[in-house]
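Under numbering that gives the first Met the number 0, residues 0 to 532 are what the sequence shown spells out, in order. Just below is one structure, and these are the notes that go with it.
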Amino acid sequence: MTSSCNQNIALFTAGCFKKRIALAMLSGVLLILSFAPFGVALLAWVAFVPLFFALRTGDMDKVETGLKKAFVIGIIAGFVFYVGTVYWVVNSMFFYGGVPLYFSVPIMLVLALYLAVYTGVFAMFAHVTNGMGGLSRLVLLPSAWVGLEYLRAHLLSGFPWVLLGYSQMPYLPVIQIADVTGVWGISFVVMTMNAAIFFLSSALIERRGVFPVKELLVAFALVASILSYGFIRLKQVEGDFFSWRSFRVGVAQGSIEQSLKWDEAFQGSTMEIYRALTKKAADLGAHLVIWPESAAPFFINGDGPDAAVVGTIAKESRTFVLTGIDTYARNPLSRTTDFFNSAVLFSPSGEMTAKYDKTHLVPFGEYVPLKRFLPFIKKLTAGVGDFKEGPGPVPLKFISDGVGMLICYEAIFPEIARGAVKNGAAVLVNITNDAWFGKSSAPYQHFDMSALRAVENRVFLLRSANTGISGVVDPTGRVRKKLGLFERDVINAVVGMRSGSPTIYTIYGDVFAYWCLAVSSAFCAAIIFKRRS
0 MTSSCNQNIA LFTAGCFKKR IALAMLSGVL LILSFAPFGV ALLAWVAFVP
50 LFFALRTGDM DKVETGLKKA FVIGIIAGFV FYVGTVYWVV NSMFFYGGVP
100 LYFSVPIMLV LALYLAVYTG VFAMFAHVTN GMGGLSRLVL LPSAWVGLEY
150 LRAHLLSGFP WVLLGYSQMP YLPVIQIADV TGVWGISFVV MTMNAAIFFL
200 SSALIERRGV FPVKELLVAF ALVASILSYG FIRLKQVEGD FFSWRSFRVG
250 VAQGSIEQSL KWDEAFQGST MEIYRALTKK AADLGAHLVI WPESAAPFFI
300 NGDGPDAAVV GTIAKESRTF VLTGIDTYAR NPLSRTTDFF NSAVLFSPSG
350 EMTAKYDKTH LVPFGEYVPL KRFLPFIKKL TAGVGDFKEG PGPVPLKFIS
400 DGVGMLICYE AIFPEIARGA VKNGAAVLVN ITNDAWFGKS SAPYQHFDMS
450 ALRAVENRVF LLRSANTGIS GVVDPTGRVR KKLGLFERDV INAVVGMRSG
500 SPTIYTIYGD VFAYWCLAVS SAFCAAIIFK RRS
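Following this line, the structure appears as C-alpha cells:
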C-alpha cells in the first residue's frame, strides 16, 4: 500500500487522524462488550480488527511519526476499554470509602490511563510489524499482547483485571487449554484470530485478489486444535472428578450492606444472619460452611470472646465453619501490633483449628504504598493501621485434605491459586466482600476471573461473597450453583477433593507467558539493533 490513501480503504487508512481515533474507540467499545456483565464473548475475536486498521500506514509511513501516532491510537483504544471496565473504582472509593469525587474520579482515570499504556505499546509493536509477512505477524502480535498482559499482571504490584482470555469464560471448550497455558493461552488464541480476520478483511476491502490463505489455515488450525482439546478434556475431567472423595458444603451469602458492616450496633444482627444460614446448611448435611471475607465484623487474637461467637455457631451446628475475619498479633521484633485479613477454620467443637493470612494485599485499600510520602491517602478498609502480608499460599488443613484460600482479589492472581494447589490444596475457596463494588460490572468480572482458577488447576472452586456473586465452580469451569447480587441465602452442594496428578499449569506455571514475552522481546531487540546499525 502506498502512502496515499486508496479510495477503497479510505475509511480505514485515510490520512484523517480522526478516523483512526474513531476506529480505536470502536475497538475499546467492542472489548467492553466482550466481558461480563455484557458477556458477548464472540466480539473479543474481532475487537482488535478496527485497531489494526487504524494502525495501517498512509500518513504513518515515517518511522518516528508513525510510532508516536500508533502509541496515541493504542492509548485511546485502551483508555476507552479500561474506563469502561474499571469505572467501579469510583463507586468503591466515593460511596463506600468516603473519598470525594474530585479525588476518586482522577484516581480511576489515572489507573485507566496507566493500563492503556500497555495497549499503546502493543499498538507501536503492531505498527512496526506492518509490511512483514502474515505468518510472522500471526506469531508476533499475539505473543506481544500476552507478554504485555503478563507484565501488567506483575509490575507495580500487578493488576491482571480483564485479561483478554477471561472474555471467553462462557465458552467452556475454549478455556480448557488453561490447564496447560493458564489464561495466557486463551488470550493468545483470541488475538491470533483477530490478526487473521484483519488480514482477510484487509484483502477483501483492498480487492487485491491475493488472500491470506496460509495465515487463515494456521489460525483456523490453531482454533480447531484448541476446541478439540477442549471437548476431549471436558469429557475426561468430568469423568475424573466424579470419582473423587466428596463432601457436602454450604456457601453462605449474608448480603450485609457495606454501610452497616462495621457498625457496632449491627454486629449482633450480622452474626444472627450467619447463624441462621449456617444452621440451614447444616440441616441439609453440610460438613463445612463457608462465610465471606470479614464476615465476622470484629478483630480477634486467638481464642477470645469474639472468636467464641463464631465457635459457638460452629458448635451449635455441629459443622466446620470457615470464615473471613480480621486478626491481630503482637510483633515481638517491632513491638507493634500487626493486623491481618484472615480466614479462620472453626471445628464442630467450636475451636480454631487453622488460619490463613492474606498474601497479596490491595494497594491503597489494605496498605499504603510509599506511606511515608503519601500520608494523605485514606484507606478503604475499616481496619486499624495497615494490614500485613501473610506467609504465602499455605493450604488450611481440613480433616485430611488441604484447602487453598484466596481472599478477595487474590483470586485474580493465578500464581497464588497455583501455589496453593502445588502445596497440597485439594479444593480452592475464594472468600470476598464485593459490596465495595455495588451494582457495577466488577462483581461479574471478579467471578469470571476467579472461576478460571478451577480450570487451571482442575479443582473445585467454592466462592463466598458478602453481597454476591457466590458460587460453586467445577474443575471444567462450569458453574454448578450460583447466587446473584444482593441475595441472602446459602448454597448447598456436593464437591470433590482433587486427587491424582497435578496439571501442566500447576507444575510449570506461566511458562507459556514467558515464551511469549521472550519472542516479542527478541523481536524488539532485533528491530532496535537493525536501526542502530
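We treat Cβ as the ideally placed atom computed from N, Cα and C, and that holds for glycine. Keep in mind that this is a model prediction, so the values were computed, not measured.
Identity of the residues DSSP links to residue i by a beta bridge
{"i": "ALA353", "result": "LEU344"}
{"i": "SER469", "result": "LEU482"}
{"i": "TYR366", "result": "PRO362"}
{"i": "LYS67", "result": "LYS67 is not bridged to any residue."}
{"i": "LYS17", "result": "In the DSSP output, where bridge partners are listed per residue, LYS17 has none listed."}
{"i": "ILE406", "result": "ILE430"}
{"i": "ARG244", "result": "MET496"}
Cα-Cα separation, residue i to residue j
{"i": "GLY157", "j": "PHE511", "result": "18 Å"}
{"i": "ARG530", "j": "TYR504", "result": "38 Å"}
{"i": "ASN432", "j": "ASP337", "result": "21 Å"}
{"i": "VAL104", "j": "PHE345", "result": "41 Å"}
{"i": "GLY476", "j": "LYS68", "result": "40 Å"}
{"i": "VAL343", "j": "PHE528", "result": "55 Å"}
{"i": "VAL454", "j": "GLN175", "result": "7 Å"}
{"i": "PRO172", "j": "PHE210", "result": "29 Å"}
{"i": "LYS480", "j": "LEU461", "result": "10 Å"}
{"i": "SER254", "j": "ILE204", "result": "53 Å"}
{"i": "LEU139", "j": "THR128", "result": "8 Å"}
{"i": "ILE289", "j": "ASN340", "result": "16 Å"}
{"i": "ASN422", "j": "ILE415", "result": "11 Å"}
{"i": "ALA177", "j": "VAL472", "result": "15 Å"}
{"i": "ALA525", "j": "LEU134", "result": "18 Å"}
{"i": "VAL39", "j": "GLY184", "result": "20 Å"}
{"i": "GLY229", "j": "LEU108", "result": "38 Å"}
{"i": "ALA381", "j": "LEU283", "result": "Its pLDDT being 39, under 50, ALA381 is placed unreliably in this model, and the value from its coordinates should be taken loosely. Rounded to whole angstroms, ALA381 to LEU283 spans 34 Å at the Cα level."}
{"i": "GLU148", "j": "PHE319", "result": "39 Å"}
{"i": "ARG334", "j": "ASP356", "result": "20 Å"}
{"i": "GLY384", "j": "ILE312", "result": "Confidence is the limiting factor: at GLY384 the pLDDT is only 48, short of 50, which leaves the residue's position unreliable and the question unanswerable from this model."}
{"i": "ALA517", "j": "VAL478", "result": "35 Å"}
{"i": "ARG317", "j": "ASN465", "result": "23 Å"}
{"i": "LEU564", "j": "ALA43", "result": "Because the chain spans 0 through 532 in this model, residue 564 falls outside it and cannot be assessed."}
Rounded distance between the beta-carbons of residue j and residue i, thought under 8 Å
{"i": "ILE106", "j": "VAL88", "result": "7 Å"}
{"i": "PRO291", "j": "SER463", "result": "5 Å"}
{"i": "ILE20", "j": "THR84", "result": "About 20 Å separates the two Cβ atoms, so there is no contact after all."}
{"i": "GLY401", "j": "GLU350", "result": "Not confirmed; about 19 Å, so no contact."}
{"i": "VAL493", "j": "ARG274", "result": "With 8 Å as the limit, VAL493 and ARG274 do not qualify as a contact, their Cβ atoms being about 23 Å apart."}
{"i": "ILE72", "j": "ALA53", "result": "5 Å"}
{"i": "LEU221", "j": "VAL188", "result": "6 Å"}
{"i": "ALA295", "j": "THR277", "result": "Incorrect: roughly 12 Å between the Cβ atoms, too far for contact."}
{"i": "LEU360", "j": "GLU388", "result": "6 Å"}
{"i": "PHE459", "j": "PRO474", "result": "6 Å"}
{"i": "PRO501", "j": "VAL426", "result": "Contact flag wrong, Cβ pair sits at about 14 Å."}
{"i": "LEU215", "j": "LEU199", "result": "6 Å"}
{"i": "PHE436", "j": "SER91", "result": "6 Å"}
Beta carbon of residue i nearer than 9 Å to that of residue j
{"i": "GLN257", "j": "ALA434", "result": "yes"}
{"i": "ASN491", "j": "ALA264", "result": "no"}
{"i": "ALA195", "j": "PHE47", "result": "no"}
{"i": "ARG452", "j": "PRO413", "result": "yes"}
{"i": "LEU50", "j": "SER26", "result": "yes"}
{"i": "ARG417", "j": "PHE240", "result": "no"}
{"i": "SER186", "j": "TRP144", "result": "yes"}
{"i": "ILE324", "j": "ALA306", "result": "yes"}
{"i": "ALA115", "j": "GLY65", "result": "no"}
{"i": "ILE468", "j": "GLY483", "result": "yes"}
{"i": "GLY146", "j": "GLY508", "result": "no"}
{"i": "LYS396", "j": "ALA353", "result": "yes"}
{"i": "SER245", "j": "GLY499", "result": "no"}
{"i": "ALA218", "j": "MET192", "result": "yes"}
{"i": "PHE70", "j": "ALA122", "result": "yes"}
{"i": "LEU287", "j": "ILE430", "result": "no"}
{"i": "ALA152", "j": "LEU162", "result": "yes"}
Burial state of residue i (16 or more Cβ within 10 Å)
{"i": "LYS377", "result": "Residue placement at LYS377 cannot be trusted, given a pLDDT of 47 that sits under 50; the coordinates are not used to answer."}
{"i": "MET190", "result": "buried"}
{"i": "THR326", "result": "buried"}
{"i": "SER348", "result": "exposed"}
{"i": "ILE99", "result": "Reading off the sequence shown, one finds Pro at residue 99, where the question assumed Ile. Classification of PRO99: exposed, given that the 10 Å Cβ count is below 16."}
{"i": "ALA424", "result": "buried"}
{"i": "MET131", "result": "exposed"}
{"i": "GLN235", "result": "exposed"}
{"i": "ASP447", "result": "buried"}
{"i": "LYS213", "result": "exposed"}
{"i": "PRO392", "result": "buried"}
{"i": "TYR366", "result": "buried"}
{"i": "ILE398", "result": "exposed"}
Test: residue i CB closer than 9 Å to a CB of chain D
{"i": "PHE219", "result": "As a matter of chain content, chain D is missing from the structure shown, which is built from one protein chain."}
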